[in-house]
Each structure stands twice: as structure tokens, then as C-alpha cells.
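In this text, residue positions in the sequence shown follow my numbering: the first is 1, and each later residue adds one.
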Amino acid sequence: MRWLTLAFLISFQALFIYVSLDLPDRADPNAPANVHLSPEFVEQGEKEIEIPNLVTAVQADFRSYDTLGETLVIFTAGLCVLLVLMRGSRTDDRAP
Numbered sequence: 001m002r003w004l005t006l007a008f009l010i011s012f013q014a015l016f017i018y019v020s021l022d023l024p025d026r027a028d029p030n031a032p033a034n035v036h037l038s039p040e041f042v043e044q045g046e047k048e049i050e051i052p053n054l055v056t057a058v059q060a061d062f063r064s065y066d067t068l069g070e071t072l073v074i075f076t077a078g079l080c081v082l083l084v085l086m087r088g089s090r091t092d093d094r095a096p
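1) Counting only the same chain and skipping the five closest in sequence on each side, list residues whose C-beta sits under 8 Å from that of SER11.
2) Roughly how many whole angstroms lie between the Cα atoms of PHE16 and ASP22?
3) Below 8 Å on the Cβ atoms is my guess for PHE39 versus ALA31; work out the distance and round it to an integer in Å.
4) Who are the near neighbours of TYR18 in its chain, counting only those whose CB is closer than 8 Å to its CB and skipping five residues on each side?
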């Protein structure tokens, strides 16, 4: 069973490496995100939403649902960690 798991993980890693070869370079100015989205945010961002800070404008307006989802995930993870830590402290108090 371990060999099957190891073979699966190696093939999964090879698949990720193969797929990542098709991604554009990080600093490529001709990447689709830099060519299509960035100029629109820079040129029209302040005019459309009237927020002078570009980062705040993108996070608050253009990606608001995405930011709300990320905040919800972080809140849920923090709540789960807190509940697990509280459960561990309760069982320690009961021990003789």
C-alpha cells in the first residue's frame, strides 16, 4: 500500500511540475494579468470608486467577494484552533 501511495504522490508531483512549466514568468510584463487587468485598475480605479489608494480600491471593490471569502476562511480556522485549544485545556483540568 505504501508503494501505491508513493507512486501516486510522485505522479501527482510530476503533473504539477508539468503544468507549472506553462505558467508565465513572475516578472513578465507581457503576462495576461499585467496586460489586461492592471492597466484597467490603474486607469479607471480611482475614477470608478473614488478611493485614492489603489490597493484599497482593488481589495474593497473589484475583489470584494473574494476578500470576504478569504476573511471567512481565516475566521473559521482561527475559531477551530481556539475550540481545539479550549478542549485540550478542559481535559487537563479533569485529570487527577
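The beta-carbon is built from N, C-alpha and C at its ideal position, and this holds for glycine as well.
Computed from a prediction, not measured in an experiment: that's the story for all the values here.
According to the data block:
1) Here residue 11 corresponds to residue number 11 of the sequence shown, with the count starting at 1. A distance below 8 Å between beta-carbons, with the five flanking residues on each side excluded, links SER11 to no residue of its chain.
2) Position 16 of the sequence shown, counted from the start, is the residue given in the question as residue 16. Position 22 of the sequence shown, counted from the start, is the residue given in the question as residue 22. Approximately 10 Å, taken between the alpha carbons.
3) Locating residue 39 in the sequence shown gives position 39, counting from the first residue. Locating residue 31 in the sequence shown gives position 31, counting from the first residue. One point to set straight first is that residue 39 is Pro, not Phe, in the sequence displayed. About 13 Å separates the two Cβ atoms, so there is no contact after all.
4) As a working note, residue 18 is residue 18 in the sequence shown. Hits under 8 Å: none found.
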